[in-house]
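Structure first, commentary second.
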Amino acid sequence: MGISIEGVSKKFGDFVALDEVSIEVPDGALTALLGPSGSGKSTLLRVIAGLEQPDGGRVVISDRDTTDVSVQDRGVGFVFQHYAAFKHMTVLDNIAFGLTIRKRPKQEIEKRVQELVRLVHLEGFTDRYPSQLSGGQRQRMALARALAVEPKVLLLDEPFGALDANVRKELRVWLRRLHDEVHVTTIFVTHDQEEAMDVAEQIVVMNEGRIEQTGAPRDLYDHPKTEFVMGFVGPVNRRGALFIRPHDLEILAAPALEAEEAMIERMVHLGFEARVELLLPDGEQLWAQMTLAEAELMELRDGQIVYVRPRRAKVFEPNGEPSTQELAAA
Amino acid sequence: MPASRTASRLGLRFFALGYLSMLLLIPVGMIFYRAFEHGAGAAWDAVTTPEALHAFYLTILIAAIAVSANTIFGVGCALLVVRTKFRGKALLNAAIDLPFAISPVVIGLSLYLLYGREGWFGGWLLDNGFQILFSLPGMVLATIFVSLPFVVREVVPVLHEIGDEQEQAAHTLGANWWQTFWRITLPAIRWGVAYGVVLATARALGEFGAVAIVSGRVTGETETAPLWVWREFGQFNLTGAYSASLVLAMLAIGTLLAMNAFRRKEAA
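Residue numbers (the numbering used here), protein chains in the order written: chain B, 1 to 330; chain D, 1001 to 1268.
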């Protein structure tokens, strides 16, 4: 059950968009495809939907090889970044579209559409046209439209990419709850690691048409297998061969074992947390993350000389397993 | 607002109106004046002779056939150009604009060469009982040729603008190609199509050069309204010529008003 992608490749001219990609998405799970633009994540989603034909490999949805099945018969719901709302139709007609195409009885359509309208909280907006809705409302309408045909798989392509920061956060929470309610196998594409970690149960990190790592959000953050994952999933400092998370960088007022001298270039107050931007004598820059309370307790200020050392750091050996060094704990 | 800016704006407005008046409004106004010079009765009598009525009937019939054909071809061709990739697309794109570039008289001559008794197709067609030249099919062909680019050129930018995401969304919701075209694409491009149809209609109603050559200009048979006007004018039957011109002008103004209505609706 679920979706399995087996060795899928896709080229656009000379550009390799997907290079023998294989993933397993468990039935009913919410999975994020995370990666920078051009990493192949959207192409993979479109291949699963049948909007692109792969050059090689197989797409299996619910134990059925759908590689050669048309988009129409694949039973997928697809949500586009820019909503793809049918502009000449009301919200009601947009949501009903898939059912109307399937020539379902009028009463059944009406009942189902009303259910969906409640599910996406668009009561009172059903007679409006998409141009009379906000971005968030349009995207909820698009979701309801995709869910109307009871797809086996729901695919979302950067669904919140065109929305304001506030609305994004709100819709993330809402999508999470919606998924708990409908339980349809869902894959969504994003380039925002925070969004992926917030919403998904499983994250697939992609880069240059290949899969870097697959795992639970926590797993990727704590045990990245490659430099790329370390840098893409969560913030990171690089000091020689060491990769250090900003919250793993310890700031001391006095010299200590293995601690380096540094000057505070700038203190940035971000509400609960503070960001300390540091300049080392060799000209390299690092930054540390701590709670504002900690920073105030130490009376950190711009221009101050402090001593820094990593509590924990990661080293990626070429062609080897990454190793974690617990430094300050020793 | 400073007085000088107001003055320059008024000046510009005056210039624009004056220019349009000299070139467009006064000549067309003159037609109105001259048509009714001998009273409305004379004008009415001139345009209701059997020959005049037949000429109008023929003009409207040809325009209706040619515009229908160009609408179907135009929408199909625009979809081909915008939504698909194929070899020779640039060639097709350039070919669509050919009727804009070539004089209608040349178009008429080229059809004459092709469908005449000595032409490539003409001999065979005539032997099999198809009369193209000096009859309705030839006149329709000529009119299709000259009014071909309008629908394509209006629809192509609209198709570009709406993008293909709505169509893809319809596919994922189970709609096949035909359902997607009728329910999604056509409603989205409808004002572009309407605009193109209006322009093509105006062009088809007024076509003279190409039709003059292929029709043979037989009064009461293959004489369209513009040809009728030209003959009446040549025979110094001025009231008739002006009155028929007036009817043609009214038809054209009607289509222009329709076009403006579409534009407003599109902007809304």
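Backbone N, C-alpha and C define an ideal beta-carbon position, used for all residues, glycine too.
Given the structure is predicted, the values throughout are model-derived calculations rather than measurements.
Can you tell me whether Trp1228 (chain D) is buried or exposed, with buried defined as 16 or more other CB within 10 angstroms of its CB?
buried
Cutting at 6 Å between CB atoms, please list the residues of its own chain near Leu156 (chain B), excluding the five before and the five after it.
Val79 and Phe188, listed in sequence order.
DSSP state of Gln202 (chain B) mapped onto helix, strand, coil
strand
Cβ-Cβ separation, Val1156 (chain D) to Arg1099 (chain D) (assumed contact under 8 Å), whole Å
Checking the sequence, you will find Pro at residue 1099 (chain D) rather than Arg. Actually they are not in contact, since the Cβ atoms of Pro1099 (chain D) and Val1156 (chain D) sit about 15 Å apart, beyond 8 Å.
With a cut-off of 8 Å, do at least 3 Cβ pairs link the segment 140 to 154 of chain B to the segment 105 to 121 of chain B?
yes
Taking only three categories from DSSP, how would you classify Tyr1033 (chain D)?
helix
Thinking C-alpha only, which one of B:Tyr83, B:Val204, B:Pro130 and B:Thr226 is nearest Ala243 (chain B)?
In the sequence as displayed, the identity of residue 243 (chain B) is Phe instead of Ala. Among B:Tyr83, B:Val204, B:Pro130 and B:Thr226, the Cα nearest to that of Phe243 (chain B) belongs to B:Thr226.
Within its chain, find whatever has a CB closer than 6 Å to the CB of Pro994 (chain D); leave out the 5 residues flanking it on each side and keep chain order.
Past the edges of chain D, shown from 1001 to 1268, lies residue 994 (chain D), and the structure says nothing about it.
Whose Cβ in chain D lies nearer than 9 Å to the Cβ of Leu51 (chain B)?
Gln1168, His1171 and Thr1172
At least one CB of chain D closer than 7 Å to the CB of Ala84 (chain B): is that the case?
yes
Which residue comes first and which comes last in the alpha helix (DSSP H) that contains Met1139 (chain D)?
Leu1136 to Val1146
Along chain B, which residues have their Cβ under 8 Å away from the Cβ of Asn1176 (chain D)?
Within chain B, the residues whose beta carbon sits less than 8 Å from that of Asn1176 (chain D) are Gln72, listed in sequence order.
Backbone secondary structure at Lys314 (chain B) - three-state DSSP:
strand
Counting only beta-carbon separations shorter than 7 Å, does His88 (chain B) have a partner in chain D?
At least one C-beta of chain D is nearer than 7 Å to the C-beta of His88 (chain B).
Taking Ala1244 (chain D) and Val1047 (chain D) to be in contact with their CB atoms under 8 Å, please state how far apart those CB atoms are, rounded to whole angstroms.
5 Å
From the beta carbon of Pro1187 (chain D), is the nearest beta carbon of chain B less than 7 Å away?
yes
Indicate the three-state DSSP secondary structure (helix, strand or coil) for Glu227 (chain B) in the structure shown.
It is helical.
Counted within 10 angstroms of its Cβ, other Cβ atoms place Arg74 (chain B) as buried (16 or more) or exposed:
buried
Here's the rule I'm using: 16 or more other beta-carbon atoms within 10 Å means buried, otherwise exposed. How should His121 (chain B) be labelled?
exposed
Excluding the 5 residues flanking Met230 (chain B) on each side, which residues of the same chain have their C-beta closer than 7 Å to its C-beta?
Pro224, Val236, Phe243 and Lys314
In terms of residue numbering, what span does the beta strand (DSSP E) encompassing Asp266 (chain B) cover?
Here the sequence assigns Arg to residue 266 (chain B), which means Asp is not the residue at that position. First-last of the beta strand (DSSP E) with Arg266 (chain B): Glu260 to Leu270.
Would you mind working out which of B:Glu284, B:Glu24, B:Phe272 and B:Val71 sits nearest Val308 (chain B), comparing C-alpha positions?
From the listed residues B:Glu284, B:Glu24, B:Phe272 and B:Val71, the smallest Cα separation to Val308 (chain B) is found for B:Glu284.
How is Phe1110 (chain D) classed by DSSP in three states: helix, strand or coil?
Inspection of the sequence shows that residue 1110 (chain D) is occupied by Ser rather than by Phe. Ser1110 (chain D) falls in the helix class under three-state DSSP.
Just the Cα atoms here: how many angstroms apart are Ala1040 (chain D) and Leu1017 (chain D)?
Looking at the two C-alpha atoms, the distance is approximately 30 Å.
For the 8 Å Cβ check, are there 3 or more pairs between the segment 160 to 171 of chain B and the segment 106 to 113 of chain B?
no
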